[in-house]
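For the sequence shown, the working numbering begins at 1274 and goes up steadily by one.
To start, the structure itself, in structure tokens.
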Amino acid sequence: MRAFRGQPSIFSNENMEGRRADLQVRSLSLSFGGIRALSGVTLDVAAGELVAVIGPNGAGKTSLMNCITGFYRPTSGDIVFGGTNITRLPAHELTRMGIGRTFQNIELFPGMSVLDNLLLARHIHCRYGFGPAALFAPSARKEEVRHHRILEEIIDFLEIQSVRKELVGSLPYGMRKRVELGRALALEPRLLVLDEPFAGMTLEEKEDMVRFLLELNGSWGQTMILVEHDMSIVMSISKRVVVLNFGEKLAEGSPEEIQDHPEVIRAYLGESTDLGADGETGESGAADAGNE
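What follows is the structure, encoded as structure tokens:
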């Protein structure tokens, strides 16, 4: 089965200007009572970049993603997206602004089909009201056709044609991860936040996901923030890597710079581990390699 290799309509040239996705995080701090989850974190993501955020368990990676996507409100600091301060905006407004995400633990509806799960993401793009929908007026039918065309392009691209009518709960874990990526893409995000998209996947499933992400970013300019523990993947596909440790930014640079950074090796992967060798952490860093 071959993936869709034409340009999906959501990435057409006339839409690219509206997909600008510059993100600035400034001195972001987050506390839960006496626990400091983030402390003065600063991060910049330019449109078209694929930036990875790594760090040991409890480093604050998912807390940072939750602040960016509106699930947490930071204690202090600012988040600016596309020139707009979004620090205090709720998650549903950020989704409408163009921030989509996947989750560590898959957040799909297992009792619904793959196609129905993808259709749910199109609700923010529906322009018809209750009346036309109830009567299935020509305007509503025309818009439904457009939504289904976009979803079929995503289904073809992610190579999930054979399971499009299957219940999500009946699918293997790796395939569910692929469906969740599809649902995030159906939002037409300007910024795509991926929280451990490779967790629990087989080697073959990881290779497929890497291929999809590289094409999204390299060919179609999708801006992405990737949180991931598999260092072989991080170092091979990221343009820039940010390292967190105990809620603070420890280092930032190219994959090559991070591989040789002594503080990263000590704090994250242990003294003797080669950061890009095989994607696995050694004994000294194994405790840090689970889900955050």
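Backbone N, C-alpha and C fix where the C-beta goes; we use that ideal spot for every residue, glycine too.
Bear in mind the structure is a predicted one, so any value in this text is a computation, not a measurement.
Endpoints, the beta strand (DSSP E) within which L1460 is located: For L1460, there is no enclosing beta strand (DSSP E), since its DSSP letter is neither H nor E.
Between the alpha carbons of R1449 and D1481, how many angstroms are there, rounded? The alpha-carbon atoms of R1449 and D1481 are separated by roughly 13 Å.
Report yes if the C-beta distance between L1311 and L1323 is below 8 Å; otherwise report no. Result no, Cβ atoms of L1311 and L1323 do not sit closer than 8 Å.
Which listed residue (G1328, H1365, G1350 and N1358) has its alpha carbon closest to that of G1343: Taking only the C-alpha atoms, the option nearest G1343 is H1365.
Under the three-state reduction of DSSP, which class applies to R1395: helix, strand or coil? In the displayed model, R1395 falls within a helix according to three-state DSSP.
R1437 by DSSP, collapsed to three states: which one? In the structure shown, R1437 adopts coil according to DSSP, grouped into three states.
Does the distance from the C-beta atom of A1294 to that of A1325 stay below 8 Å? In this structure, A1294 keeps its C-beta atom at 8 Å or more from the C-beta atom of A1325.
In its own chain, which residues sit with a C-beta less than 7 Å from the C-beta of L1566, not counting the 5 before and 5 after it? With the chain covering only 1274 through 1565, there is no way to say anything about residue 1566.
Once you ignore the five residues that flank S1443 on each side, which residues in its own chain have a CB closer than 7 Å to its CB? Taken in chain order, the list of residues that qualify is empty.
G1526 to G1350, Cα distance in whole Å? In this structure, the straight-line span from the alpha carbon of G1526 to that of G1350 is close to 22 Å.
Please return the same chain residues whose Cβ sits closer than 7 Å to the Cβ of N1490, not counting the five positions on each side in sequence. Hits under 7 Å: L1323 and M1497.
Nearest to N1339 by alpha carbon, out of R1456, S1509, D1317 and L1301? By alpha-carbon distance to N1339, the top candidate from R1456, S1509, D1317 and L1301 is L1301.
Classify A1325 as helix, strand or coil using the three-state DSSP reduction. Of the three classes helix, strand and coil, the one that applies to A1325 here is strand, per DSSP.
With 16 other CB atoms within 10 Å as the buried threshold, where does E1469 fall? By the C-beta density criterion, E1469 is buried, having at least 16 other C-beta atoms within 10 angstroms.
Just reading off the beta strand (DSSP E) that Q1297 is part of, what are its end residues? For Q1297, the uninterrupted beta strand (DSSP E) segment begins and ends at L1296 to F1305.
From T1315 to D1503, what distance separates their C-alpha atoms? Looking at the two C-alpha atoms, the distance is approximately 23 Å.
Tell me, which residues are paired with F1519 by DSSP? Answer is none; F1519 lacks a bridge partner.
Supposed contact pair L1392 and E1452 - C-beta distance, whole angstroms, cut 8 Å: Checking the sequence, you will find Val at residue 1452 rather than Glu. With 8 Å as the limit, V1452 and L1392 do not qualify as a contact, their Cβ atoms being about 12 Å apart.
Determine the DSSP secondary structure at T1348, reduced to helix, strand or coil. Three-state result, T1348: coil.
By Cβ distance below 8 Å, which residues in the same chain neighbour T1357 in space, the five residues on each side in sequence not counted? Cβ within range, chain order: M1370.
Considering only C-alpha positions, which residue in the set T1348, A1472, G1306 and G1331 is nearest to G1313? Distance from the Cα of G1313 is smallest, within the candidate group T1348, A1472, G1306 and G1331, for T1348.
Within the continuous alpha helix (DSSP H) that includes R1361, where are the two ends? For R1361, there is no enclosing alpha helix (DSSP H), since its DSSP letter is neither H nor E.
Using the Cα positions of V1483 and S1511, report the straight-line distance between them to the nearest angstrom. Going by the C-alpha atoms only, they are around 11 Å apart.
My output table needs one value for R1400: the three-state DSSP class, helix, strand or coil. Coil, per DSSP.
Just to confirm, is the Cβ distance from A1457 to R1395 under 8 Å? No. Outside cutoff.
Pick from G1520, M1508 and I1428: whose alpha carbon is nearest that of D1533? That would be M1508, whose Cα lies nearest to the Cα of D1533.
T1315 in three-state terms, based on DSSP: Strand.
Which term fits F1376, buried or exposed, when burial requires 16 or more other beta carbons within 10 angstroms of its beta carbon? That one is buried.
Go ahead and label P1363 buried or exposed: buried means 16 or more other beta carbons lie within 10 angstroms of its beta carbon, across all protein chains shown. Result: exposed.
Straight-line CA distance for F1354 to F1519? Approximately 25 Å between the Cα atoms of the pair.
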